[in-house]
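Read through the structure below, which is laid out as structure tokens, and then see the notes.
Protein chains: 2
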Amino acid sequence: MSFSERLLSRATRSMGVSFIREMLKATKGVEGMISLAGGMPSPDSFPKDLLAGLFQEVVEREGADVLQYGASEGDAVLKAQILRHEGDTSVGPDEILITDGTTNAIYLFTRALIDPGDVVVCEAPSFSGSLVAIEACGAELAGVEMDEEGLVVERVRDVIRAKRADGRIVKFLYVIPEFQNPSGRTMSLSRRRDLIRTAREAEVLILEDQPYRDLRYYGRRLPSLWNLARDEFGDDRTVTICKSFSKILGPGLRLGFAAGPAPLITAMASWAQKVTVSPEGVAQRAVARFLERGYMAAHVERINGLYRAKRDAIIAALKESMPTGIRWTEPEGGLFIWVTCPPPIDTDILFTEAAKAGVAFIPGSKFYTAGTMRRDEMRLNFSYAGAPDLREGVARLACILRRT
Amino acid sequence: MSFSERLLSRATRSMGVSFIREMLKATKGVEGMISLAGGMPSPDSFPKDLLAGLFQEVVEREGADVLQYGASEGDAVLKAQILRHEGDTSVGPDEILITDGTTNAIYLFTRALIDPGDVVVCEAPSFSGSLVAIEACGAELAGVEMDEEGLVVERVRDVIRAKRADGRIVKFLYVIPEFQNPSGRTMSLSRRRDLIRTAREAEVLILEDQPYRDLRYYGRRLPSLWNLARDEFGDDRTVTICKSFSKILGPGLRLGFAAGPAPLITAMASWAQKVTVSPEGVAQRAVARFLERGYMAAHVERINGLYRAKRDAIIAALKESMPTGIRWTEPEGGLFIWVTCPPPIDTDILFTEAAKAGVAFIPGSKFYTAGTMRRDEMRLNFSYAGAPDLREGVARLACILRRT
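First to last, the sequence lines map onto chains A and B.
Residue numbers for the first sequence follow our numbering, beginning at 29 and rising by one.
Residue numbers for the second sequence follow our numbering, beginning at 29 and rising by one.
In structure tokens:
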């Protein structure tokens, strides 16, 4: 072991790597490979022309401000435009923080709360990018099973009880209630109410991750946990919501926000001061002007049309070519389809076969925490590839599944 | 204490706040106040027109790439342009990481190395913004005195020995060798060599913070610790250097970089993946194009002219109006002058007096770690205010000092 490796901290040495990242590397740039593996938005969804003009304008007209040091809490102009756009008139400027995307919000939230060994309850399966960020802060994850209605809240109560009996401190529940990554599932309204009730009774916090909320192609939008807690329970201390511009305007902008109880937002800003000082200034103001000029509604409608067609194409392809016994979710929005295979199929093994046949996906096992692992599932992304590739990719997969 | 406050982690509850930040708040926007307190570059230094054009061009022509997810290590195009610009042909792409400014580099470096209670040796005084970031990771800071040649290296050896005798692990030495913040001092060449020798013998790392290196108005540039270690000692494992575009192009861009041993850079990138995913994509590529087109040399020459005039103005004003007994550094570059007052002047008390008289500075005590505190010094910034304000601000200060 080299000199600098020997000096690395214990947390660094035990840190999880994102297997998704590794798998993406292994399949990226391979000739003829159709990737249904990543979670990247389509480049066709980026409002390039509008953003190009706004970036230029903002630097030219407001350069003295946006190129200067900015607040760790984020640009006040952007915060005001977000609150106006979201229609949240009850939220004070000290209850919202601009972050470098949602992962940054999750990191700052976890840093603000977790002492090593504290417990965070999450859905099983859940997004591994978030889970490794939460674990990097020293938290222990406790995964709880889901069904068609989302997280099984009764089991959440069991886990909190069991962890407490074990002398552990449960700090928060991490959930992705809409078009969940990876399962595509949406938490039902009654489950949402039950989850808030559970968190309030147990006096634990909820971190509601909502990166896909605006990407709804069918059906009606449900109130967020954040809205339900405030409107139905009169509770502004339990839920923190984070949203992202990554899936709507482009992940390269690294912009998202968290809204929650003022003491927590203050603590997150205090961490942000040490971690990044502030989010990038030009992108913040360009997005503020994008919202201010009212470009967002038409833009979201356009990209929802784009993604609706892709979602329909992949589901049609699955119906057409998958052998019997294979089941999949049909989400009303988001970026992912969750496929469950009958025994004895192991999707970790299938991954290698599929890569040889020119199609990549993420095996379900990569989304589970220790002790909750399953190997009969896989995540398919439909936002990045074009419709012909979606059809061909599914056909290649179906072909291997038939052979297995 | 509220519900969410009670759940905050111990690290959050014990976290240092930046007193500078608080002081800036207290004096900002006050009618007629002349601030020599902050560390902000002059808005006149921002290359607004060039950047405005590049931002637009990059989004328009390379939007599919720069608005998409990017590498946690940073944009490969920017890394290549930085290495070319720095003339570092020996550095591999796995030895450099783009960061969200220098504070982010310091945070990631510290996170990669520090287990709670590990020791970091720093200059006393040093930049409090860095110190709170290092402490937030659980490190204990050990400040070592400086003289006119910079850090007293012999005392560094004493501290390492004492900490080790005490069973502690010393992980790295944090230094700002050029135009140091706050003292304006530059570490001499012989001290640089001695520091590298000391670190190598003790097998501790060096984190070399170089945000002002390009802002030299007089005299000749010394080789960085990074260069010395590689060129004279044949050592590419001891020194990590971080530099920033904040003082050259604009801090709002949140862009800097760290170059160091590959295993450390890899560990920092692994943390970056959890903390921010990646730096902002548009700003990275715009700065890459700025470097590629060769705009940097003329730009740095222009801003050095701007700052040289400001530096000369404040030093002339100090000579003209300060009462005898007051001493100050005359740095060849950077943004700060360090003033030492004779007894019984206490600059913490003076701060309040000065604020009433319409001039703000940062008391020296804010730059010391526990146990090394001095109260007879102050930091004056000369990069932000215009020359007339610099003269008037110094005159107001001199007037109070005469009365004290």
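Where is the CB? At the ideal position from N, CA and C, for every residue including glycine.
Query                                                                                                                : Result
Against chain B: residues of the segment 119 to 137 of chain A by CB proximity under 7 Å                             : D128, G129, T131, N132 and Y135
Opposing strand residues paired with A:N439 [DSSP bridges]                                                           : This structure cannot speak to residue 439 of chain A, because chain A is shown only from 29 to 432.
Members of the segment 311 to 343 of chain B that neighbour chain A once the beta carbon cut-off is set at 7 Å       : A311
C-beta contact flag for B:F83 and A:Q84 at 8 Å                                                                       : yes
Buried versus exposed call for B:S306 [16 or more other C-beta atoms within 10 Å across all chains shown]            : buried
Contained alpha helix (DSSP H) runs [length at least 4] in the segment 103 to 144 of chain A, N- to C-terminal order : 104 to 114 and 129 to 141
Beta-carbon gap between A:V232 and A:I269 smaller than 8 Å                                                           : no
For A:F47, three-class secondary structure by DSSP                                                                   : helix
Status (buried if at least 16 other CB within 10 Å, exposed otherwise) for B:P210                                    : buried
Beta-carbon proximity of A:E123 to A:G288, cut-off 8 Å                                                               : yes
Top-ranked residue by Cα proximity to B:S349, from B:E381, B:T380, B:R424 and B:E260                                 : B:R424
Identified DSSP bridge partners for B:V170                                                                           : The sequence given here places Ala at residue 170 of chain B; Val does not occur at that position. Answer is B:V149.
Per DSSP, cross-strand counterpart(s) of A:E59                                                                       : Note: A:E59 sits in no beta bridge, so no partner.
In DSSP terms, what A:A287 is bridged to                                                                             : A:I124 and A:I269
Neighbour-count burial assignment, A:E59, 16 or more Cβ in a 10 Å radius                                             : exposed
Test: B:A80 CB closer than 8 Å to a CB of chain A                                                                    : yes
Interface flag, B:S216 vs chain A, CB-CB below 8 Å                                                                   : no
7 Å Cβ cut-off: residues of chain A touching B:I269                                                                  : Here the premise fails: no neighbours, minimum Cβ distance about 14 Å.
Cβ pair count under 8 Å reaching 3, the segment 249 to 269 of chain A against the segment 412 to 423 of chain A      : no
B:A190, buried or exposed, once every other Cβ within 10 Å from all chains shown has been counted against 16         : exposed
Contact set between A:V87 and chain B, taken where Cβ atoms lie within less than 7 Å                                 : K76, L79, A80 and F83
Assigned secondary structure, B:I342 (DSSP; H/G/I helix, E/B strand, else coil)                                      : helix
Neighbour flag for B:S37 against chain A, beta carbons, 8 Å                                                          : yes
Extent of the continuous beta strand (DSSP E) to which B:I234 belongs                                                : L233 to D237
Contact with chain D by A:M51, beta-carbon distance below 8 Å                                                        : Of the protein chains in this structure, namely A and B, none is chain D.
Where the beta strand (DSSP E) through B:A201 begins and ends                                                        : In the sequence under discussion, the amino acid at residue 201 of chain B is Leu, which differs from the Ala named in the question. Its beta strand (DSSP E) spans residues V198 to V203.
Bridge partners - A:R244, DSSP secondary structure assignment                                                        : A:G361
Buried or exposed (CB count within 10 angstroms, at least 16 for buried), B:A325                                     : exposed
Partners in chain A for B:R265, counting only beta-carbon separations shorter than 8 Å                               : S30, F31 and S32
For A:Y412 and A:G67, the rounded distance between their alpha carbons                                               : 8 Å
Nonlocal neighbours in the same chain, by C-beta distance under 7 Å from B:V422, ignoring five residues either side  : I342, A345, L346 and S349
Nearest-angstrom Cα separation, counted from B:G212 out to B:E177                                                    : 11 Å
Contacting residues, own chain, Cβ-Cβ under 7 Å from B:N409 (five flanking each side not counted)                    : L64, A65, G66, G67, L363 and F364
Simplified DSSP assignment, three categories, for A:A388                                                             : strand
Euclidean distance between Cα positions of A:S156 and A:Y396                                                         : 8 Å
Chain B within 8 Å of A:L223, Cβ atoms only                                                                          : no
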